[in-house]
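Each remark here refers to the structure printed beneath this line.
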Amino acid sequence: MTRRALSGFLTVLFLAGACTGAKPSPVASGSRSPSASASAGVSPSASPAKSAGVDPLCKPPPPEKPSSKKGGGLPRAIAKIADQVQEVRGLSFKRPVSPEPVSRQQMARMLTDSYEENYPKDQAAAEGRALVTMGALPAGTDLYKAVLAFGTSQILGFYDTQTHRLVFQSNKAFSPLARFTLSHELTHALQDQNFGLGRLDRLNRTCRDDRAEAFLSLIEGDAVVSQIRWARANLSNDEIQQIQSEAARIPPPPASVPRFVQEVFGFPYDAGQVFVQDILARGGLDALDAALRHPPISTEQVLHPAKYPKDTPRDVHAPDISARLGKGWKAIDFSDVGEGFLREMFQLELPAPEARQAAAGWDGGQYRAFGKGARTAVLLTTVWDTGRDAREFSDTMQRWVRHRRAKAVRMGASVNVLFASDAATLRLLETAVG
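The numbers in the sequence shown follow this note's numbering, run straight up by one, and end at 452.
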């Protein structure tokens, strides 16, 4: 859910090695196993429009105000890059764009203003309670401060899909890193003008978290691949080395930013790049354009490109059991939990191959968190392609929770995981779930 903090913003983070042509390790892919039979709280997922009404806990941010920035003639250097990006990406601008170079301090202020408007502190606190209880965040984490610290220190540019504003960090010298960043954001403007990225805003506003993360991974993966191709075609070796030198001077995320927050923000760039490279290998730019018209609908499809587009997950709804928990308890947070979420969480403590194996075979998931005073209970409901997949996940989850107040319960191809802030709350949660 931390992604909703930047609803409408497509950002760029500097990816180490991106300009050198280094390729990430391939992501394993495979065919879909037969789906398990439907169980309580689970329904087929045909399309977001056919799903149940928006969850009462989903509180969309206020609509953006239209940008007052007018299109017009571009400085020659920026216009040149815009032309080059069009050629590399094989798309044309349908209306003028007006990239705005800003200082690092100005960028930080803009992002801070956006967080304050779109990510209420009470929402961040509720989400933080859930993630701490599940073990994804260390105890005592202030999620709002962590997200703000990461964004304001690591984001180099953004494209706003609602106002169509394009901002990138630059200095008067218009360095190679600034041009590299601009090429990424110009790709987002091309995507928006040719395919319409407002669909991502709608997913965020209805809290379709895993589906939004999958679409975002395609969008960012396309922009990463595009900026790398632009750099190879238009920068000298010396300029590429300058990018690496500039990037080396960018401070790392503050120590207060937990690893899970960093991984959540980085997922769309890393996994998305691999997914887009697979799409391009199969059908070139035409296939990539087709994917933007019909994007992946789960992080499972992003992580396993062979499952795109036919492997359709199921909608899973963790029930509101606040009444069964007793007087004073109320639902405080919820989020779809996809394969990407589970993989990133497991990798905090487990070897990557084990984490990937445990999360593979996912077919749907959601958690719902409940609070009463300082007490927190979280119910994670998941379904899997096969009973074997569910057993592998359950076995790994048992190892994950052995040092926590939690319990995993498998029923065929479904697994419920109960997390609690204290032993008494876990006993209460077990009784409420039944």
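Note that CB positions come from ideal geometry on N, CA and C, so glycine has one too. Since the model is a prediction, treat every value here as computed from it, not as a measurement.
Would you say the stretch 125-134 touches the stretch 145-154, given that touching needs at least three Cβ pairs under 8 Å? Output reads no: the stretch 145-154 does not touch the stretch 125-134.
Which residues mark the beginning and the end of the alpha helix (DSSP H) in which Glu145 is found? Position 127 of the sequence shown holds residue 145. Annotation: the continuous alpha helix (DSSP H) that includes Glu145 extends over 139-152.
Output the distance between the C-alpha atoms of Arg332 and Leu166, rounded to the nearest integer angstrom. For the purposes of this step, residue 332 is taken as residue 314 along the sequence shown, with counting starting at 1. For the purposes of this step, residue 166 is taken as residue 148 along the sequence shown, with counting starting at 1. C-alpha separation (whole angstroms): 33 Å.
Do Pro369 and Pro276 come within 8 Å of each other at the CB atom, strictly closer than that value? Within the sequence shown, residue 276 is the residue found at index 258, counting from 1. Within the sequence shown, residue 369 is the residue found at index 351, counting from 1. No, the pair does not count as a contact, with Cβ atoms beyond the cut-off.
Out of Gln187, Arg374, Leu204, which one is the CA nearest neighbour of Pro17? Given a span of 19 to 452 for the chain in the structure shown, any question on residue 17 remains unanswerable.
Measuring straight from C-alpha to C-alpha, what distance separates Gln187 and Ser121? What you label residue 187 is simply residue 169 of the sequence shown in a count that begins at 1. What you label residue 121 is simply residue 103 of the sequence shown in a count that begins at 1. Roughly 6 Å between the two C-alpha positions.
So what does DSSP say about Trp347, is it helix, strand or coil? By 1-based counting over the sequence shown, the position of residue 347 is 329. For Trp347, the three-state secondary structure derived from DSSP is coil.
Express the C-alpha separation of Val185 and Pro194 in angstroms, rounding to a whole number. As a first step, residue 194 must be located in the sequence shown, where it is residue number 176. As a first step, residue 185 must be located in the sequence shown, where it is residue number 167. Separation of Pro194 and Val185 (C-alpha to C-alpha, rounded to the nearest whole angstrom) is 16 Å.
By alpha-carbon positions, which one of Gly290, Ala441, Tyr177 ends up nearest to His421? Locating residue 421 in the sequence shown gives position 403, where the first residue counts as 1. Its Cα nearest to that of His421, the residue Ala441 stands out among Gly290, Ala441, Tyr177.
Please go through the same chain and pick out, in chain order, the residues whose beta-carbon is closer than 7 Å to the beta-carbon of Ser61, but skip the five residues on each side of it. Taking the first residue of the sequence shown as 1, we reach residue 61 at position 43. Residue confidence is low: Ser61 scores 32 on pLDDT, short of 50, so the model does not pin down where it sits. Its coordinate-derived value is still stated next. Spatial neighbours of Ser61 in its own chain (CB-CB distance under 7 Å, excluding positions within 5 residues in sequence) are listed in chain order as Arg332, Asp333.
Whole angstroms are fine: how far does the CA of Asn255 sit from the CA of Gln262? Here residue 262 is taken as the residue at index 244 of the sequence shown, counted from 1. Here residue 255 is taken as the residue at index 237 of the sequence shown, counted from 1. Those two C-alpha atoms are separated by around 11 Å.
Considering only their Cβ atoms, is the gap separating Phe388 from Ser340 smaller than 8 Å? Residue 340 sits at position 322 when you count from the first residue of the sequence shown. Residue 388 sits at position 370 when you count from the first residue of the sequence shown. Yes, they are a contact pair.
Could you give the residue range of the beta strand (DSSP E) that holds Ile173? Reading the sequence shown from its first residue, position 155 is the one you call residue 173. Where Ile173 is concerned, the enclosing beta strand (DSSP E) stretches over 173-178.
Using 8 Å for Cβ pairs, my map puts Pro271 next to Phe176. What's the rounded Cβ distance? For the purposes of this step, residue 271 is taken as the residue at position 253 of the sequence shown. For the purposes of this step, residue 176 is taken as the residue at position 158 of the sequence shown. Going by Cβ atoms, the distance from Pro271 to Phe176 rounds to 17 Å, so no, they are not a contact pair.
With Asn252 as the anchor, note down where its alpha helix (DSSP H) starts and where it stops. What you label residue 252 is simply residue 234 of the sequence shown in a count that begins at 1. Annotation: the continuous alpha helix (DSSP H) that includes Asn252 extends over 227-252.
With which residues is Gln295 paired in a DSSP beta bridge? Reading the sequence shown from its first residue, position 277 is the one you call residue 295. As computed with DSSP, Gln295 is found in no beta bridge at all.
Near Lys163, what residues of its chain come up, given a Cβ to Cβ distance below 8 Å and the 5 sequence neighbours on each side ignored? Within the sequence shown, residue 163 is the residue found at index 145, counting from 1. Sequence-distant partners of Lys163 (beyond 5 residues in either direction) whose C-beta falls short of 8 Å from its own C-beta, in its chain, are Ser274.
Ranges of the beta strand (DSSP E) found wholly within the stretch 298-380, counting only runs of at least 3: Annotation note: the stretch 298-380 contains the following uninterrupted beta strand (DSSP E) runs of length 3 or greater, listed N- to C-terminal: 332-334, 348-354.
Exposure of Thr449, with buried meaning 16 or more beta-carbon neighbours within 10 Å: Taking the first residue of the sequence shown as 1, we reach residue 449 at position 431. Classified as exposed, Thr449 has fewer than 16 neighbouring CB atoms from the shown chains inside 10 Å of its CB.
Expressed to the nearest angstrom, what Euclidean distance is found between the alpha-carbon atoms of Ile96 and His202? By one-based count along the sequence shown, residue 96 stands at place 78. By one-based count along the sequence shown, residue 202 stands at place 184. Here the C-alpha atom of Ile96 lies approximately 13 Å from the C-alpha atom of His202.
Report the option in Lys328, Ile297, Trp402, Met415 whose CA atom is closest to the CA atom of Glu367. Position 349 of the sequence shown, counted from the first residue, corresponds to residue 367. Check the Cα spacing between Glu367 and each of Lys328, Ile297, Trp402, Met415: the tightest is with Met415.
By the three-class DSSP mapping on this structure, what secondary structure does Leu436 have? Sequence index remark: in the sequence shown, residue 436 carries index 418 (1-based). Reduced to three states, the DSSP call for Leu436 is strand.
For Phe192, name the three-state secondary structure that DSSP assigns. By one-based count along the sequence shown, residue 192 stands at place 174. When DSSP states are grouped into helix, strand and coil, Phe192 belongs to the coil group.
One or two residues paired with Ala387 in a DSSP bridge: Within the sequence shown, numbered from 1, the residue matching residue 387 stands at position 369. In DSSP, Ala387 forms a bridge with Asp351, Val396.
Of the residues Leu75, Ser353, Gly108, which one's Cα is nearest the Cα of Trp248? Taking the first residue of the sequence shown as 1, we reach residue 248 at position 230. The shortest C-alpha separation from Trp248 is found at Gly108.
Rounding to the nearest angstrom, what Cα-Cα distance links Ala324 and Tyr385 in this structure? For the purposes of this step, residue 324 is taken as the residue at position 306 of the sequence shown. For the purposes of this step, residue 385 is taken as the residue at position 367 of the sequence shown. Just so you know, the alpha carbons of Ala324 and Tyr385 end up roughly 27 Å apart.
The alpha helix (DSSP H) that contains Thr29, what's its start and end? Position 11 of the sequence shown, counting from 1, holds the residue named residue 29. Segment 27-31 is the beta strand (DSSP E) holding Thr29; no alpha helix (DSSP H) there.
Report, in whole angstroms, the separation of the C-beta atoms of Ala408 and Ser432, which I expect to be a contact under 8 Å. Counting from one through the sequence shown, the residue named residue 408 turns up at place 390. Counting from one through the sequence shown, the residue named residue 432 turns up at place 414. Going by Cβ atoms, the distance from Ala408 to Ser432 rounds to 7 Å, so yes, they are a contact pair.
What three-state label does DSSP hand Lys425 in the structure shown? Taking the sequence shown and counting its residues from 1, the one referred to as residue 425 is at position 407. Reduced to three states, the DSSP call for Lys425 is strand.
In angstroms, rounded to a whole number, what distance separates the CA positions of Ala465 and Gly382? Residue coverage of the chain in this structure runs from 19 to 452, which leaves residue 465 outside it and unanswerable.
Supposed contact pair Glu145 and Asp288 - C-beta distance, whole angstroms, cut 8 Å: Here residue 288 refers to the residue found at position 270 when the sequence shown is read from its first residue. Here residue 145 refers to the residue found at position 127 when the sequence shown is read from its first residue. Between Asp288 and Glu145, the beta carbon gap of about 22 Å keeps them out of contact (Cβ cut-off 8 Å).
Exposure label - Arg445; buried when at least 16 CB within 10 Å: Within the sequence shown, residue 445 is the residue found at index 427, counting from 1. Looking at its Cβ environment, which holds fewer than 16 other Cβ atoms inside 10 Å, Arg445 is exposed.
6 Å Cβ shell around Asp338 - same chain, five flanking residues per side excluded: In the sequence shown, residue 338 corresponds to position 320, counting from 1. Excluding residues up to 5 positions away in sequence, Ala349 lie with their Cβ nearer than 6 Å to the Cβ of Asp338 in the same chain.
Close-in-space but distant-in-sequence residues of the same chain around Val106 (CB under 7 Å, 5 per side omitted): Translated into the one-based positions of the sequence shown, residue 106 becomes position 88. Ser244, Arg247, Trp248, Ala251.
According to DSSP, is Leu447 helix, strand or coil? In the sequence shown, residue 447 corresponds to position 429, counting from 1. In this structure, Leu447 counts as helix in the three-state DSSP scheme.
I'd like to know if the stretch 211-227 and the stretch 292-302 are in contact, where contact means that at least 3 CB-CB pairs between them fall below 8 Å. No, the stretch 211-227 does not touch the stretch 292-302.
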